[in-house]
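What follows is one structure encoded as structure tokens, with my remarks underneath.
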Amino acid sequence: MRILLVMPHSREKIKFPQLMYPALALQQVAGITPKNHSVKIIDERYERLNFNEECDIVGIYCLTYHANRVYQIADEFRRRGVTVVLGGDHPSALPEEAKQHADAVVIGEAEETWPQLLDDFRNNRLKPFYRQNKPIDPRLIPPARREAGSNRPFIAGIEASRGCPVGCEFCAVSNRPHGRLFRPRPIENVIDEIKSIKQKFLYFYNPTSTANPGYTKALFKEMIGLNKRFTCFGNVDVLAKDEELLRLASEAGCMFWNVGFESISQETIKHMGKRTNVVEKYVKVVKKIHDYNMKILGNFIFGFDTDKPDVFDNTLERAYELNLDLAQFAILTPFPGTPLFERLEREGRILTRDWSRYTEADVVFQPKHISPEELIEGTMRCIKEFYYATNIFRRLLINKSISIIATLKMKYLDYNIYFKRKGLSKADYKIYLKNKRNI
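The sequence shown begins at 4 in the numbering used here and counts up by one.
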């Protein structure tokens, strides 16, 4: 059987797509596909999709912000008589919607359902929905099949664990099926996969590497000497106190910790349900990470119900005071399947179901204390000011360990990948400012 797996783009032009993170989910689907089938991955961010590609079945990965493109691809393949399967967070949250554009929908994890689906398809008994009712045993998570795609990015993805027990109201990851159950893969499996990866730079897709510090320490110990460099996610509560974890991370090759500060208001933190964050510990987290010669990317979100018009200036000032190496500023986005989406829908505050706008760079709901215009303008202003050339070089002087290449690359990523990939480009923003309308 000839299987085509597709990662869609959200915009037709992406400069330097090799800097994009790889489509690990599809590489894992390829990894669980029985060896008697041929598998090819097409990632539209790197290459053009050919609808004349000879295949028996097409599987398309779907997140909310590129659902519209996914449906276009699916409809075209079905028009040509090809069987289409959709999976990912968006179809898992809205399976009935996805089914309008597919022959079958995979809901939740695919390690058990995908092989069953292929067997059903081969025997002409394909079902409309395949739902994973119990959490996948992490021992069943296969190594990614990276050679299935013709274009491989500069950075390789790796997954050591699944699940985040925190359960923030807005988080699409922890609120997916079984998303709050922390499940670590056997360390030997992870190490074997890392050793098989040719790229030097790794991106850990685990939603958090601090849910079980003991496991992560054991993993980092085994990574020492593998000559890899990597980025991973961590939470404030553990990073503020566990120096052994930080030491081992540094020795294993960690370059960046990606930390979701989300807000500088403890009241806001409480309302979103991120119990791991204590605002008073933010300074300690940054200092300790720097003490072990690693960098920190701090993430902030604007648009919570407790946010007022002064939240942008206050957050930007705090980001400077924290001495962050890099920062990302995003707009709160209520993804389907999250408690946030359900609450805002009940309150009548969802402004649109145009999924192409669910980018974390556009406003799709009615904020409580600020206007949609203020939310977009304030977020964009924070990004522009944080990445002014003078501010970049000021950080370079303060944090001498951070490389110019890493800093400038993140500036590029913020504007040309983060905003273009997720739906709002600099050109869009200029049009918005000129016309004073909500994009």
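Glycine included, each C-beta is placed from N, C-alpha and C at the ideal position.
Everything numeric in this text was worked out from a predicted model, so none of it was measured.
Rounded to whole angstroms, how far is the Cβ of residue i from the Cβ of residue j, which I believe are closer than 8 Å?
i, j, result
"VAL108", "LEU89", "5 Å"
"CYS167", "GLY182", "7 Å"
"ILE76", "PRO11", "6 Å"
"GLN1", "ARG148", "Nothing about residue 1 can be read from this structure; the chain reaches only from 4 to 442."
"ILE267", "VAL282", "6 Å"
"LYS277", "GLU265", "6 Å"
"ALA101", "HIS93", "7 Å"
"LYS197", "LEU229", "One point to set straight first is that residue 197 is Ile, not Lys, in the sequence displayed. Going by Cβ atoms, the distance from ILE197 to LEU229 rounds to 6 Å, so yes, they are a contact pair."
"ILE6", "CYS58", "7 Å"
"GLU246", "ILE227", "Not quite, the Cβ-Cβ distance comes to about 16 Å (not below 8 Å), so this is no contact."
"LYS1", "ALA252", "In the structure as shown, the chain begins at 4 and stops at 442. Residue 1 is therefore absent and cannot be evaluated."
"TYR361", "THR116", "Contact doesn't hold; Cβ gap of about 25 Å is too wide."
"SER95", "PRO37", "Actually they are not in contact, since the Cβ atoms of SER95 and PRO37 sit about 23 Å apart, beyond 8 Å."
"THR279", "ALA175", "That pair is no contact at about 18 Å."
Just the C-alpha distance for residue i and residue j, rounded to the nearest angstrom, thanks.
i, j, result
"VAL32", "ALA113", "7 Å"
"ARG188", "ASP365", "36 Å"
"PHE54", "GLU79", "8 Å"
"LYS231", "ILE158", "11 Å"
"PHE236", "ARG352", "31 Å"
"ASP123", "GLN103", "20 Å"
"PHE338", "GLU345", "9 Å"
"SER359", "THR234", "28 Å"
"ARG134", "ILE110", "5 Å"
"ARG250", "THR318", "29 Å"
"THR271", "PHE305", "10 Å"
"ASN238", "ALA330", "15 Å"
"HIS293", "GLY256", "14 Å"
"ILE45", "ARG142", "27 Å"
"MET297", "ASP328", "10 Å"
"ASN394", "GLU388", "8 Å"
"LYS412", "TYR49", "With a pLDDT of 49 at LYS412, under the threshold of 50, the modelled position of this residue cannot be trusted; read the value that follows with caution. Taking the straight line from one Cα to the other gives about 18 Å."
"LEU121", "PHE185", "28 Å"
"SER164", "ASN209", "5 Å"
"ASP357", "GLU348", "14 Å"
"PRO216", "LEU248", "7 Å"
"LEU8", "GLU150", "13 Å"
"MET23", "TRP260", "18 Å"
"LYS43", "ARG321", "46 Å"
"THR355", "GLN369", "10 Å"
"PRO146", "ASN192", "8 Å"
"ILE63", "ASN126", "21 Å"
"MET4", "HIS40", "5 Å"
Which residue marks the beginning of the alpha helix (DSSP H) containing residue i, and which one marks its end?
i, result
"TYR74", "70-82"
"GLU380", "375-389"
"ASP240", "239-242"
"PHE259", "From DSSP, PHE259 is part of no alpha helix (DSSP H) but of the beta strand (DSSP E) over 257-265."
"LYS102", "98-102"
"VAL42", "Not the alpha helix (DSSP H): VAL42 falls in the beta strand (DSSP E), residues 41-46."
"ILE227", "Looking at the DSSP string, ILE227 is not in any alpha helix (DSSP H), and its letter there is neither H nor E."
In the DSSP assignment, find the beta strand (DSSP E) that holds residue i and state where it starts and stops.
i, result
"MET10", "5-10"
"ALA89", "Correcting the residue identity first, residue 89 is Leu in this sequence and not Ala. Start and end: 86-90."
"GLY160", "158-161"
"ALA107", "107-110"
"VAL61", "60-64"
"ILE272", "It is not in any beta strand (DSSP E) - ILE272 instead sits in the alpha helix (DSSP H) that spans 269-275."
Unbroken stretches of the alpha helix (DSSP H), 4 residues or longer, contained in the region 196-225: none
Taking contact to mean 3 or more Cβ pairs, one atom from each stretch, closer than 8 Å, check whether the region 329-338 and the region 373-385 are in contact. yes
Write down every uninterrupted run of the alpha helix (DSSP H) in the region 284-358 whose length is 4 residues or greater and which is fully enclosed by it, in chain order. 285-294, 314-324, 342-349
In chain order, what are the residue ranges of uninterrupted beta strand (DSSP E) at least 3 long that sit wholly in the region 117-185? 132-134, 158-161
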